[in-house]
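**Q** I'd like to ask some things about the structure below.
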Amino acid sequence: MLALRLIERKRDGGHIEPGEWRALAYAYAAGHVPDYQMASFLMACFLRGLDRSETHALTDAMLRSGDTLELGYLNRPRIDKHSTGGVGDKVSIVLAPLIASLGVAVPMMSGRGLGHTGGTLDKLESIPGFDTNMALYEARKLLETLNCALFGQTEEIAPADRKMYALRDATGTVESIPLIAASIMSKKLAEGLTGLVLDVKRGSGAFLPDLERGLELANTMIALGADQKCPVVALVTAMDRPLGRACGNALEVEESIAALKGEGPADLMDVTYALGAEMLLLADVTKDRAEARAMMEAQIASGKAAEHFQRIIEAQGGNPSVVDDPAILPQSKEVELFVAARRGFISRVEPRTIGRGIAALGGGRTKMEDKLDLSVGFVITARPGDWVEQGEPIATIFARDRSGVESGRATLRAAVTIADEAELPLPLVSHRVTSAGVEVLAR
Ligand code: URA
């Protein structure tokens, strides 16, 4: 009866009280509300929206539907980074060991790839033996010893969100800012953080391509963090082209390892350092942004960041020699160069097309149950703004067979535009958002 009353009230534009959100979330997590009623309720929320107090109440209800990490006893700052997702976005794999090696606990709970975007868990699982499934007590142990756990949403964390997000995915109700913000923040707050850094992507490959919608999401999540005494800082970063060169699971792990050894592409390093500096500032490791960057550069130059990743890999059951020998990652059967069809400026490398192209090669999902080929993807060396000659190699295709190579060629032909004039890409890091407001960093 409760569900029906709430569906009708939301459908008619009414307000749901905190206790009702709690009752509904608990009842749904416990299996007492059928999917058809919850789907109808979520559609009413999608169409009618949620006000500030409802968004807070939903977040709190989902957070409290499960366990939390409770890491206060560590007596260390606990900071995570969350990205709204994109193509080639391997920042978490570089940032988690890097920041953990500087004494900050990083409980990094990540997701899997879906649609055109990749997922950190899939990427990490390309490391032979690497296990991202763990119970909360195991994550706690890793955080005690190594300041870092790289894991997926466990059964224990925000079970109401887990069920609701899967249902939203199947019922066209994902793209609602209050529902997205509540879903992400319920999981992040369950990590027992002392601070959170958000990487809000904008541009054609982003989950929410428009800047205005990205800023609205950032502000909603910042407010939800403030409600629970967790300071949140958001950077808006570009996703109108892939980040870095490698796009595809094992290929991105290889690039992340190179980045931890000081050989990462400049755009990947800039985004990593910008987000990492916010993490170190929130952790109070330093009060100075330039010093934060220098600390991270020193960890990489000294080899300590890569060494820390090696220890994390070993602790999570993976083969640590991957850091010295990335050739032990899954290797595709076919490797082929792709060359420029004409001379001119690279004017676009369309991330959504690349992301879908990876899925077509077998390296991405169209539904959650899909099995992935972790070896496939692209390494795209040409960047928007580069001048190229006809016949010059601009990318490499990694595929499992000849038809994959052909599909990869079609993807690159569609994704890469070469023109007579260079087109200005979006600034890499354009806005910084805090509870004090929006700062424009670059236009
Ligand atoms: N990621 C989440 O965890 N939840 C959403 O609703 C959207 C993206």
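Residue numbers are given in numbering that gives the first Met the number 0: position 361 of the sequence shown equals residue 360, and the series is strictly consecutive.
Ideal placement from N, C-alpha and C gives every residue a C-beta, glycine not left out.
In this text, all values refer to a predicted model and were calculated from it rather than measured experimentally.
Can you tell me whether V348 is buried or exposed, with buried defined as 16 or more other CB within 10 angstroms of its CB?
**A** buried
**Q** Going by beta-carbon coordinates alone, are L94 and A237 separated by less than 7 Å?
**A** no
**Q** Which stretch, first to last residue, makes up the alpha helix (DSSP H) that contains I417?
**A** Not the alpha helix (DSSP H): I417 falls in the beta strand (DSSP E), residues V415 to A418.
**Q** Around the C-beta of R77, are 16 or more other C-beta atoms found within 10 angstroms, so that it is buried, or is it exposed?
**A** buried
**Q** Within a Cβ cutoff of 7 Å, which residues of the same chain sit near S203, ignoring the five residues on either side of it in sequence?
**A** The answer, listed in chain order, is D239, E349, P350 and R351.
**Q** Unbroken alpha helix (DSSP H) runs of length 4 or more, entirely within the region 313–396: which are they?
**A** 350–360
**Q** Hey, out of D369, R47, E335 and G18, whose CA is closest to A394's CA?
**A** Closest by alpha carbon: E335.
**Q** Would the C-beta of Y164 count as close to ligand 1, meaning under 6 Å from any of its heavy atoms?
**A** yes
**Q** Would you mind reading off the limits of the beta strand (DSSP E) that contains M61?
**A** Not the beta strand (DSSP E): M61 falls in the alpha helix (DSSP H), residues R51 to L62.
**Q** Start and end of the alpha helix (DSSP H) containing E19?
**A** P17 to A28
**Q** Tell me the start and end of each unbroken beta strand (DSSP E) in the region 121–156 that is at least 3 residues and wholly inside, in chain order.
**A** 147–151
**Q** In the structure shown, what three-state DSSP assignment does R446 receive?
**A** It is not possible to answer for residue 446, since the shown part of the chain is limited to 0 through 442.
**Q** Give a single yes or no on whether I176 has its beta carbon closer than 6 Å to a heavy atom of ligand 1.
**A** No, Cβ of I176 sits at least 6 Å from all heavy atoms of ligand 1.
**Q** For ligand 3, is there any heavy atom lying closer than 6 Å to the beta carbon of S402?
**A** Annotation note on ligand 3: not contained in the displayed structure, which lists ligand 1 as its ligands.
**Q** Hey, could you find the ends of the beta strand (DSSP E) P106 is sitting in?
**A** V105 to S109
**Q** Roughly how many angstroms separate the alpha carbons of E215 and T170, rounded to a whole number?
**A** Spanning the two alpha carbons is a distance of roughly 23 Å.
**Q** I'd like to confirm the pairing. Which residues does DSSP put opposite A245 in its beta bridges?
**A** V378
**Q** Nearest-angstrom Cα distance between P96 and N132?
**A** Between the C-alpha atoms of P96 and N132 there is a straight-line separation of about 18 Å.
**Q** Just reading off the alpha helix (DSSP H) that E211 is part of, what are its end residues?
**A** L210 to D226
**Q** If we call anything under 7 Å between Cβ atoms a contact, is C147 one with V105?
**A** yes
**Q** Quick check on R341: buried or exposed, where buried means 16 or more other Cβ atoms within 10 Å of its Cβ?
**A** exposed
**Q** If we ignore side chains and look at the alpha-carbon of each, how far apart do I345 and D121 end up?
**A** Across the structure, I345 and D121 are spaced so that their CA atoms are roughly 30 Å apart.
**Q** Work out the CA separation of T219 and G30 for me, nearest whole Å.
**A** 29 Å
**Q** Can you list, in chain order, the residues of its chain with a C-beta nearer than 8 Å to that of E53? Leave out the 5 residues immediately preceding and following it.
**A** H14, I15, W20 and P177
**Q** Ends of the alpha helix (DSSP H) at L192?
**A** Element bounds for L192: n/a, residue is neither H nor E.
**Q** When you compare the CB positions of P127 and A249, do they come within less than 7 Å of one another, or not?
**A** no
**Q** Alpha carbon to alpha carbon, what distance is there between T271 and S429?
**A** 14 Å
**Q** For E254, tell me which candidate among T67, A181, S125 and A165 has the shortest Cα-Cα distance.
**A** S125
**Q** For a test of the three-state rule: what should DSSP assign to A233, helix, strand or coil?
**A** strand
**Q** If G84 sits next to K200, beta carbons under 8 Å apart, how far is it from one beta carbon to the other, in whole angstroms?
**A** 7 Å
**Q** Between which two residues does the beta strand (DSSP E) holding K260 run?
**A** Where K260 is concerned, there is no enclosing beta strand (DSSP E), given that its DSSP letter is neither H nor E.
**Q** When you compare each of R412, V404 and T172 to K332 by their alpha carbons, which one comes out closest?
**A** V404
**Q** Closer than 7 Å by C-beta to L166: which residues in its own chain qualify, once you throw out the five before and the five after it? Chain order, please.
**A** D34, M37, A38 and L41
**Q** Applying the criterion that 16 or more other CB atoms from any shown protein chain within 10 Å of the CB defines a buried residue, is I71 buried or exposed?
**A** Note that residue 71 is Gly in the sequence shown here, rather than Ile. Taking all protein chains in view, the Cβ of G71 is surrounded by fewer than 16 other Cβ atoms within 10 Å, so the residue is classified as exposed.
**Q** Can you tell which of L371, L281 and A409 has its C-alpha closest to the C-alpha of G102?
**A** L281
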